[in-house]
């Protein structure tokens with residue numbers, strides 16, 4: 005089984021007197037849903053950026069499938085709080101763009117894109133431009149585009165943070181559905197404790213000064229949902 009591993013990783017940004025993160029270790033396997041929580045400035049996003057290959061660690065080693073992470077790769081897909089979609093393209097065209105980068109033939113892209121949009125419950129929105137979609141719908145398109153790369157790991161940086169409460173709850177269900185269907189490993193950053201409890205198979209609590217792990221919890225709510233238990237029952 006493929007693992008994404010951060011081994012004693014430290015992050016130190018230029019011009020800063022102290023490290024943002026110091027000697028943090030994480031091990032995420034395919035099928036895990038690991039959520040990082042903690043106060044602002046504790047290094048959650050720094051760790052996710054190391055996993056994404058966007059930040060080079062000052063110490064320690066980041067690997068995926070046993071290979072050192074030296075930059076972004078198709079085995080990892082990132083979804084940020086701001087959707088980063090192309091507003092001049094339709095939802096289908098945004099997803100198809102990722103398929104084009106993978107070398108999928110032009111005659112197959114639209115059908116594959118529609119299938120991915122259906123997976124995120126946007127099967128009827130393929131022809132809509134991004135500016136016509138709500139915040140929650142845009143995030144679903146972003147998830148569909150991320151899955152188009154067929155990654156082994158999804159890296160999610162507060163993807164639901166800008167959504168209203170009702171939309172956020174629906175998106176939590178969507179995330180769990182995608183995690184169960186795509187059988188990917190997930191590393192997610194959030195400030196929401198309830199959100200972490202609902203989604204995670206493991207919660208990692210970080211503290212600042214510099215960022216370090218203070219506690220890890222194994223949870224079962226996500227797996228209960230994947231086994232068919234309604235999310236409202238789990239939350240109760």
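Residue numbers (the working numbering): 5 to 240. Even glycine gets a Cβ: it sits at the ideal position worked out from N, Cα and C. Please read all numbers here as calculations on a predicted model, not as lab measurements.
Quick one: give me the first and last residue of the alpha helix (DSSP H) that residue i is part of.
i           : result
residue 12  : From DSSP, residue 12 is part of no alpha helix (DSSP H) but of the beta strand (DSSP E) over 7-15.
residue 2   : This structure does not reach residue 2, given that the chain is present from 5 up to 240, and the question cannot be answered.
residue 49  : 48-56
residue 89  : Note, residue 89: premise wrong, no alpha helix (DSSP H); not H, not E.
residue 167 : First-last for residue 167: undefined, no H or E at that position.
What residue does the beta strand (DSSP E) around residue i start on, and which one ends it?
i           : result
residue 221 : 216-222
residue 147 : Residue 147 -> not in any beta strand (DSSP E); alpha helix (DSSP H) instead, spanning 139-152.
residue 67  : 63-68
residue 228 : Here residue 228 belongs to no beta strand (DSSP E); instead the alpha helix (DSSP H) covers 225-230.
residue 30  : 25-33
residue 45  : Looking at the DSSP string, residue 45 is not in any beta strand (DSSP E), and its letter there is neither H nor E.
residue 193 : 189-193
By Cβ distance, which residues of its chain are closer than 7 Å to residue i, with the 5 residues on each side in sequence left out?
i          : result
residue 4  : This structure does not reach residue 4, given that the chain is present from 5 up to 240, and the question cannot be answered.
residue 35 : 187, 189
residue 49 : 161, 193
residue 17 : 24
residue 85 : 161, 162, 163, 165, 166
From this set, the options, which residue's C-alpha is nearest residue i's C-alpha?
i           : options           : result
residue 124 : 110, 143, 16, 139 : 143
residue 127 : 94, 106, 69       : 94
residue 180 : 228, 30, 65       : 228
residue 91  : 135, 48, 109      : 135
residue 277 : 233, 216, 231     : The structure shown does not extend to residue 277, since the chain spans only 5 to 240, so no value can be given for it.
residue 158 : 234, 81, 129      : 81
residue 222 : 207, 235, 122     : 207
residue 96  : 38, 122, 170      : 122
residue 172 : 191, 141, 156     : 141
residue 87  : 145, 195, 5, 168  : 145
residue 8   : 19, 33, 20        : 33
residue 211 : 31, 45, 139, 130  : 45
residue 37  : 19, 170, 191, 169 : 191
residue 232 : 195, 19, 177      : 177
residue 5   : 108, 70, 19       : 70
If you measure from the CB of residue i, is any heavy atom of the ligand GDP nearer than 7 Å?
i           : result
residue 190 : Absence of the ligand GDP from the depicted structure is noted, as is the absence of any ligand whatsoever, leaving it without description.
With a threshold of 8 Å on Cβ separation, who are the neighbours of residue i within its own chain once the five nearest residues in sequence on each side are excluded?
i           : result
residue 77  : 57, 68
residue 197 : 41
residue 106 : 78, 152, 153, 154
residue 230 : 180, 183, 184
residue 12  : 27, 28, 29, 63, 64, 65
residue 59  : 15, 50, 53
residue 89  : 98, 134, 142, 145, 146, 149
residue 137 : 95, 129, 145
Within its chain, find whatever has a CB closer than 6 Å to the CB of residue i; leave out the 5 residues flanking it on each side and keep chain order.
i           : result
residue 219 : 209
residue 149 : 98, 99, 102
residue 133 : 94
residue 75  : 57
residue 199 : none
Could you tell me how far apart the beta carbons of residue i and residue j are, in whole angstroms, since I believe they sit closer than 8 Å?
i           : j           : result
residue 47  : residue 83  : Residue 47 to residue 83, Cβ: 19 Å. No contact.
residue 10  : residue 55  : 7 Å
residue 164 : residue 175 : 5 Å
residue 22  : residue 234 : About 45 Å separates the two Cβ atoms, so there is no contact after all.
residue 204 : residue 39  : 4 Å
Item to complete: For the region 88-118, list the alpha helix (DSSP H) runs that are entirely contained and at least 4 residues long, ordered along the chain.
Response: 95-105
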